[in-house]
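What follows is a set of notes on a single structure, which appears directly below.
Given below as structure tokens:
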């Protein structure tokens, strides 16, 4: 693709005089008043202004609806670029990371800044107020970095699509300018425009809702359908290690739903929130998969054991995660009710565990105190041990981390048709047991409870989503 770009540029004979305004050169630029209240650019190549480039090439970026965050739009565009030319995409990846990392407060007068990159077209086109001014948002330094002014970047004048376009545009420009050097930055601008023209793909823009809606799939979230049905909830009085609050009753789930096959991982949580609150995130806990990533919300590095379940999340943390995910996808993700959780965990079984009555085979299915109970482990099926699912294809319904449900806890639950627990309370129901608990707490009927503000290193969750 890069050779095609360069050869096409040379064949086309594109030159500065063709695409630039009067006096165009390397860097600088302003919007000024001109005759008949018209705006004119001076010392500015036409493609430097992103709005002009979008007008020229009808870029798909501007078709995105601003209900989506700019990170989502950038990710979809990056996916398309990856499809067009994977090698070029890999070369650009560190530039994307650096540009986003350099969204910060910038002093435009610093001597290291030599080239202003992005201009905002002023809303007024009359000259009554004198010279029409531009707003400086991004700058290119002698050291090869794009610096984006955080204060201006967060201003309401920029839509999500504007922000995405800025990130995408400046990333490619930074790469090309490093490649060709300061002397040829205008040529780099021409090539950026040519690349954008090749990235035009209207069907991607038309399907943006669908693409953004698949964010959970891109994060590695997999769901299975749980069909409506009835089951005996709770435990019989002769079940070993049962508690009195596990009274049996016949419960009916009237609506199909989907449930995640695994617990939410640190990677999934980080990509949605930009945070990783987990206790078990250092390299000693996952030497083969440990990562550091830059947060899209704080700009700081975070440690991740990406495939381990997120831990140390309280109930309110979970609600914030779900709210953000729903806003970015337009879907309705939520926590399972306690009844939905046990229905899914049992997977048609009537025994203490989904695989049988006693805990003899628990080590084949679960991480718990009796086998690997010193920390969380990668979610099954990524791990190659203790990774058997239940009959519904759900992993870790026994052990690894406790899982929050949406129900307030009550001592003697009585609901039988889609029960949801009481309307208020002081503690929420948690299910499944964890890495630090003994087998009795991992039984399908075992009920735990916790304050909504508690988020210990054995607390996690998984999601469900409605089908109707």
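Residue numbers (this note's numbering): 1 to 468. Glycine included, C-beta positions come from ideal geometry on N, C-alpha and C. Predicted model, so just to flag it, every value in this text is computed and none were measured.
Just so you know, the alpha carbons of residue 266 and residue 462 end up roughly 12 Å apart.
Cβ neighbours of residue 354 within its own chain (closer than 8 Å, five residues either side excluded): 345, 346, 347, 365, 390, 391, 397, 398 and 444. By the Cβ test, the region 366-383 is in contact with the region 253-265, since at least three Cβ pairs between them sit closer than 8 Å.
Taking 8 Å as the cut-off, the Cβ atoms of residue 456 and residue 312 count as close. Contact check for residue 101 and residue 272: beta-carbon distance about 19 Å, past the 8 Å limit, so the pair fails to qualify. Around the beta carbon of residue 292, fewer than 16 other beta carbons lie within 10 angstroms, which makes this residue exposed. Closest by C-alpha distance to residue 280, out of 296, 257, 299 and 304, is 304. When secondary structure is reduced to three states using DSSP, residue 299 falls in the coil class, being assigned neither helix nor strand.
If you draw a straight line from the Cα of residue 415 to the Cα of residue 239, it comes to about 22 Å. Sequence-distant partners of residue 283 (beyond 5 residues in either direction) whose C-beta falls short of 7 Å from its own C-beta, in its chain, are 290.
Per the coordinates, the alpha-carbon of residue 466 lies some 8 Å from the alpha-carbon of residue 334. For residue 335, the three-state secondary structure derived from DSSP is coil. Runs of the beta strand (DSSP E) lying entirely within the region 252-337, each at least 3 residues long, are 257-260, 291-294 and 301-304 in chain order. Judged by DSSP in its simplified three-state form, residue 449 adopts strand. For residue 437, the CB contacts under 7 Å within the same chain, skipping 5 residues up- and downstream, are 368 and 369 in chain order. Residue 376 carries a coil assignment under DSSP once its states are collapsed to helix, strand and coil. It is roughly 32 Å from the alpha-carbon of residue 447 to the alpha-carbon of residue 215. In summary, residue 429 is buried, with 16 or more beta-carbon neighbours lying within 10 Å of its beta-carbon over all protein chains present.
Counting only the Cα atoms, residue 339 lies some 13 Å from residue 226.
If the five residues before and after residue 408 are omitted, its C-beta is found closer than 7 Å to the C-beta atoms of 421, 422, 424, 425 and 428, all from its own chain and listed in chain order. Ranked by Cα distance from residue 94, the first of 160, 170, 72 and 70 is 170. Taking C-beta atoms as the reference points, residue 363 and residue 386 count as a pair closer than 8 Å.
Rounded to the nearest whole angstrom, the CA to CA distance from residue 332 to residue 242 is 34 Å. About 4 Å separates the beta carbon of residue 258 from that of residue 223, a gap short enough to meet the 8 Å contact definition.
Under the three-state reduction of DSSP output, residue 230 falls in the strand class. In the DSSP assignment, residue 91 falls within the unbroken alpha helix (DSSP H) covering 86-101. Put simply, the backbone Cα of residue 249 is about 6 Å away from that of residue 232. By the neighbour-count criterion, in which a residue is buried when 16 or more other Cβ atoms sit within 10 angstroms of its Cβ, residue 228 is exposed. Assigned with DSSP and collapsed to three states, residue 218 falls in helix.
In the three-state DSSP reduction, residue 343 falls in the helix class (H, G or I).
Around the beta carbon of residue 163, 16 or more other beta carbons lie within 10 angstroms, which makes this residue buried.
Out of 401, 405, 435 and 442, the CA that lies nearest to the CA of residue 356 is found in 442. Checking the DSSP bridge columns, you'll see residue 353 partnered with 356. Scanning 297, 217, 237 and 252 for the CA closest to the CA of residue 268 turns up 217.
Residue 410: not part of any beta strand (DSSP E); DSSP gives it neither H nor E. DSSP places residue 428 inside the beta strand (DSSP E), whose first and last residues are 428-431.
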